[in-house]
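According to the numbering used here, the sequence shown is numbered sequentially starting from 3.
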Amino acid sequence: MLPAKSKWSIRELDTEAAERLAQTGGFHPLLAKLLVIRGFRQADEAKKFLQADLECLHHPFLLDGMAAAVDRIQKAIDQQQLIRIYGDYDADGVSSTAIMVRLFRKLGARFDYYIPHRTKEGYGLNLKAIESAKQDGVSLIVTVDNGISAKAEIEYARSLGMDVVVTDHHEPPEELPDQAAACINPRKPGCPYPFKGLAGAGVAWKLAHALCGEIPEELAEIAALGTIADLMPMTDENRTIVTLGLKRMQTSRIPGLNALFELAGIAGQTIDE
3 MLPAKSKWSI RELDTEAAER LAQTGGFHPL LAKLLVIRGF RQADEAKKFL
53 QADLECLHHP FLLDGMAAAV DRIQKAIDQQ QLIRIYGDYD ADGVSSTAIM
103 VRLFRKLGAR FDYYIPHRTK EGYGLNLKAI ESAKQDGVSL IVTVDNGISA
153 KAEIEYARSL GMDVVVTDHH EPPEELPDQA AACINPRKPG CPYPFKGLAG
203 AGVAWKLAHA LCGEIPEELA EIAALGTIAD LMPMTDENRT IVTLGLKRMQ
253 TSRIPGLNAL FELAGIAGQT IDE
């Protein structure tokens, strides 16, 4: 017999806590047991986890840097400055870019987008792409799913007269890009945002919420795609984003998503995670 490659670690169940949760929350005993194993002890927290509705979302301006980002982007829109969305080549980065494209189109911005070549340029901002942006007349670069580690590149962009708004979700380095016009990242030290597990697409979705002044439900299916593809934890806001996004995917009118459904052979079927 071949030796097992995995070692199963089964959590012990607190049966008394499960019984209390079933009684206080009105849950089926089996569901109560599963919730307790997941760490839930209070009925209100468990119900919030299960419902994953729009009331579970946090205010976007709790993200440190959001107000400054909105101000700089709105200035660019009002003055018809050229904005370049700087994305990434993975599913989360492309989803984040798509969210920004649809948002800026809705807001009447003058913009384009750029996704670096995976093998020729690699991840994140690079000096040649920044020089190209300057030559093209770009005034503001908005990064999505990257930028938190691009201190030197952002300093170079500033030296050329361009501003950079960073939206990212990766673990921040010790030195942050302090010359950015704004830097949004829930993992940033000192950021009071209560949920740190957003994908890059989730952060972009929160920026869309702040700029529009309302929850951008029409962009949730793209945010859900990025969140699932980047293997983010299905807790807190991510559950709401994915729940709403999957619901909207069933009747999606987004051409790119429908093309993916056709390619995957699931068009007309129930779309799940």
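Don't be surprised by glycine CBs; every beta carbon is placed ideally from N, CA and C.
Go ahead and label residue 230 buried or exposed: buried means 16 or more other beta carbons lie within 10 angstroms of its beta carbon, across all protein chains shown.
Residue mapping note: residue 230 aligns to position 228 of the sequence shown, counting from 1. Residue 230 comes out buried.
Beta carbon of residue 205, beta carbon of residue 171: below 8 Å?
As a working note, residue 205 is residue 203 in the sequence shown. As a working note, residue 171 is residue 169 in the sequence shown. Yes, these two residues count as a Cβ contact at 8 Å.
I need the straight-line Cα distance from residue 255 to residue 199, nearest angstrom please.
What you label residue 255 is simply residue 253 of the sequence shown in a count that begins at 1. What you label residue 199 is simply residue 197 of the sequence shown in a count that begins at 1. Rounded to the nearest angstrom, the two C-alpha atoms are 28 Å apart.
Do residue 184 and residue 13 have their C-beta atoms closer together than 8 Å?
On the sequence shown, residue 184 is found 182 positions in, with the first residue counted as 1. On the sequence shown, residue 13 is found 11 positions in, with the first residue counted as 1. No, these two residues do not count as a Cβ contact at 8 Å.
With respect to the beta strand (DSSP E) encompassing residue 154, which residues constitute its N-terminal and C-terminal limits?
The sequence position of residue 154 within the sequence shown is 152, counting from 1. No beta strand (DSSP E) contains residue 154, which is instead part of the alpha helix (DSSP H) from 153-161.
Please go through the same chain and pick out, in chain order, the residues whose beta-carbon is closer than 6 Å to the beta-carbon of residue 177, but skip the five residues on each side of it.
On the sequence shown, residue 177 is found 175 positions in, with the first residue counted as 1. 153, listed in sequence order.
If you draw a straight line from the alpha carbon of residue 210 to that of residue 16, how long is it in whole angstroms?
Your numbering for residue 210 matches position 208 in the sequence shown. Your numbering for residue 16 matches position 14 in the sequence shown. Cα to Cα, the separation comes out at about 42 Å.
Could you have a look at residue 145 and say whether DSSP puts it in helix, strand or coil?
As a working note, residue 145 is residue 143 in the sequence shown. Note: residue 145 maps to strand in three-state DSSP.
Can you grab the Cα-Cα spacing for the pair residue 161 / residue 40, in whole Å?
Within the sequence shown, numbered from 1, the residue matching residue 161 stands at position 159. Within the sequence shown, numbered from 1, the residue matching residue 40 stands at position 38. Approximately 50 Å, taken between the alpha carbons.
Have a look at 268, 266, 159 and 90 and flag the residue whose alpha-carbon is nearest the alpha-carbon of residue 129.
The residue labelled residue 129 in the question sits at position 127 within the sequence shown. Considering only alpha carbons, the answer is 159.
So within the stretch 69-156, which uninterrupted alpha helix (DSSP H) runs reach at least 4 residues, ignoring any that extend past its ends?
If we require 4 residues or more, the alpha helix (DSSP H) runs fully inside the stretch 69-156 come out as 93-109 and 129-137.
Note down, in chain order, each residue of its chain lying with its Cβ closer than 8 Å to the Cβ of residue 213, except the 5 sequence neighbours on either side.
Residue 213 sits at position 211 when you count from the first residue of the sequence shown. 72, 75, 76, 105 and 109.
What does DSSP give as the partner residue(s) for residue 169 in the beta ladder?
Walking along the sequence shown from the start, residue 169 turns up at place 167. DSSP, once it has assigned bridges, lists 146 and 186 as partnering residue 169.
So, for residue 181: in the same chain, excluding its five sequence neighbours on each side, which residues have a beta-carbon less than 7 Å away from its beta-carbon?
Within the sequence shown, residue 181 is the residue found at index 179, counting from 1. Result list for residue 181: 156, 157 and 160, in chain order.
Please tell me whether residue 42 and residue 23 are closer than 8 Å, where the distance is taken between their beta carbons.
Within the sequence shown, numbered from 1, the residue matching residue 42 stands at position 40. Within the sequence shown, numbered from 1, the residue matching residue 23 stands at position 21. Yes; because the gap between Cβ atoms is below 8 Å, this pair is in contact.
Can we say the stretch 259-273 touches the stretch 235-242, given the rule of at least three CB pairs closer than 8 Å?
Output reads no: the stretch 235-242 does not touch the stretch 259-273.
Can you name the start and end residues of the alpha helix (DSSP H) that residue 249 belongs to?
Against the sequence shown, residue 249 aligns to sequence position 247. Where residue 249 is concerned, the enclosing alpha helix (DSSP H) stretches over 238-251.
Closest to residue 207 by C-alpha separation, out of 226, 112 and 190, would be which residue?
Position 205 of the sequence shown, counted from the first residue, corresponds to residue 207. Cα-wise, what sits closest to residue 207 is 226.
Once DSSP output is grouped into helix, strand and coil, what is the label at residue 275?
On the sequence shown, position 273 is the one that residue 275 refers to. Residue state, collapsed to three classes: coil.
For residue 202 versus residue 94, is the C-beta spacing smaller than 8 Å?
Taking the sequence shown and counting its residues from 1, one reaches residue 202 at position 200. Taking the sequence shown and counting its residues from 1, one reaches residue 94 at position 92. Yes, Cβ-Cβ distance for residue 202 and residue 94 is below 8 Å.
Could you tell me whether the Cβ atoms of residue 111 and residue 85 are closer together than 8 Å?
Against the sequence shown, residue 111 aligns to sequence position 109. Against the sequence shown, residue 85 aligns to sequence position 83. Contact flag set, yes.
So is residue 149 buried or exposed if we call it buried at 16+ other beta carbons inside 10 Å?
Start at 1 with the first residue of the sequence shown, and residue 149 comes out as number 147. Residue 149 comes out buried.
Near residue 97, what residues of its chain come up, given a Cβ to Cβ distance below 6 Å and the 5 sequence neighbours on each side ignored?
Translated into the one-based positions of the sequence shown, residue 97 becomes position 95. Hits under 6 Å: 203, 224, 227 and 228.
Where do the N-terminal and C-terminal ends of the alpha helix (DSSP H) with residue 211 fall, by residue?
Working through the sequence shown from its first residue, we reach residue 211 at position 209. Where residue 211 is concerned, the enclosing alpha helix (DSSP H) stretches over 202-214.
Can you tell me whether DSSP reads residue 59 as helix, strand or coil?
Here residue 59 refers to the residue found at position 57 of the sequence shown. DSSP places residue 59 in coil when its eight states are reduced to three.
Rounded to whole angstroms, how far is the Cβ of residue 123 from the Cβ of residue 135, which I believe are closer than 8 Å?
Numbered from 1 along the sequence shown, position 121 holds the residue referred to as residue 123. Numbered from 1 along the sequence shown, position 133 holds the residue referred to as residue 135. Actually they are not in contact, since the Cβ atoms of residue 123 and residue 135 sit about 13 Å apart, beyond 8 Å.
Where residue 78 and residue 70 are concerned, what is the direct C-alpha to C-alpha distance, given to the nearest angstrom?
Here residue 78 refers to the residue found at position 76 when the sequence shown is read from its first residue. Here residue 70 refers to the residue found at position 68 when the sequence shown is read from its first residue. Roughly 12 Å between the two C-alpha positions.
Excluding sequence positions up to five away, which residues of its chain have a Cβ less than 8 Å from the Cβ of residue 221?
In the sequence shown, residue 221 corresponds to position 219, counting from 1. 101, 104, 105, 207 and 210, listed in sequence order.
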